[in-house]
Amino acid sequence: MTNAPAAIVRRGEGAPILCIHGNGVDHRLLLPLDEALNEDGRWERIYLNLPGFGGVPPLAPPGGLPDLIDWVDSVVSEEIGSRKFAILANSLGGLIARELVARRKSQIYGIALLAPVVDPRAEHRTLPQREILESAPGLLKTLPKVGSYAFAEMAVVQNSENWERFRDAALPGIRAADRRAMVQLEADYMVDGPLPEQRFESFEGPTLIVAGRQDHVVGFEDQLALSANYPRATIAVLDRAGHNVHLDQPSVVAALLHTWQSEALGPWR
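Numbering-wise, the numbering used here puts 6 at position 6 of the sequence shown, and it's gapless, one number per residue.
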């Protein structure tokens, strides 16, 4: 049982694909990918709001990462049951997705990870220097304070098109985030035991890992190193892209997802 309601947005019918967002945002960050996921018309897209985000109350204390992972696993039991499913996840959601593989490997068709957290311990990450490839001070001055700060902190290409994508997909979740939930996560931002790959060793399902070359939050080198555990992985490092890689390079990510989902949907054909 969960101790917070599972706020879920469902779209379409077919094979379930669980969509898991990262820390500090909500399911709306992944909605720009919905059109790409619906190209074949064969996915039931299950967009999950994690506790403390998207209006879902925070978990009861301690409410750290182990509790969050258990919560997501219980939602899978309640909403998907024993059916096979795929996962699309970004940032912290990418770590949770890999934890689900460790627990439910035989039930998962494939996973697509966008700028995933590899190791929750920041000191263990290989990170590039913060880099802004295109700045627009005039644009930033016209934005609302919260939006300007958040956009400037994350965006590699700071132009009006990227701002509009960030405004629509990221900013609503940032504004709605429960700070208590984020404090609880920060206080216990560790997984129980070794990292997931050390437990499941190899996942043979279709895998897509997309990283941003200018991602100063989780980097790209650690994501490349995951390939040893995913023999069917396609790994892409996209230039002119930071942590919100699918907002920075929407067309490229959509094309990569199209190829991945064709493979992941194989058993349903």
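We put the beta carbon where it would ideally sit given N, CA and C, even for glycine. Because the structure is a prediction, the values reported are computed rather than measured.
- A contact is defined here as three or more CB-CB pairs under 8 Å, and the region 204-212 meets this definition with respect to the region 225-237.
- Annotated as proximal: G242 and D215, with beta-carbon spacing under 9 Å.
- For L18, the beta-bridge partners assigned by DSSP are I46 and I87.
- Ranked by how close their Cα comes to the Cα of R175, the residues C19, N23 and I87 have N23 in first place.
- Note that the C-beta distance between G41 and G14 is below 9 Å.
- R125 and P172 have their C-alpha atoms spaced approximately 28 Å apart.
- Contact between the region 26-46 and the region 148-159 is not established, with fewer than three Cβ pairs separated by less than 8 Å.
- Here the alpha carbons of I69 and G52 stand approximately 14 Å from one another.
- The shortest CA-to-CA distance from L88 to any of Q184, A112, V118 and Y47 is the one to A112.
- Looking at the backbone, the Cα of A254 and that of A211 are separated by about 14 Å.
- For a cut-off of 8 Å, the C-beta gap from Y149 to G64 is around 26 Å, too long to register as a contact.
- Leaving aside the five residues that flank R103 on each side, the residues in its chain whose CB is nearer than 8 Å to its CB run, in chain order, D73.
- Here DSSP, grouped into helix, strand and coil, assigns T234 to strand.
- Closest in C-alpha terms to V191, from the list W163, V75, R98 and A236, comes R98.
- L48 sits close to V75, with the two beta carbons spaced by under 9 Å.
- Relative to Q249, the option among V183, N159, A225 and W71 whose CA is nearest is N159.
- With respect to the 9 Å criterion, I108 and K84 are classified as neighbours on the basis of their beta carbons.
- For S202, the closest of L59, Q261, A169 and G110 by C-alpha to C-alpha distance is G110.
- By the CB criterion at 9 Å, A86 and G54 fall outside the cutoff.
- Leaving aside the five residues that flank V217 on each side, the residues in its chain whose CB is nearer than 6 Å to its CB run, in chain order, H243.
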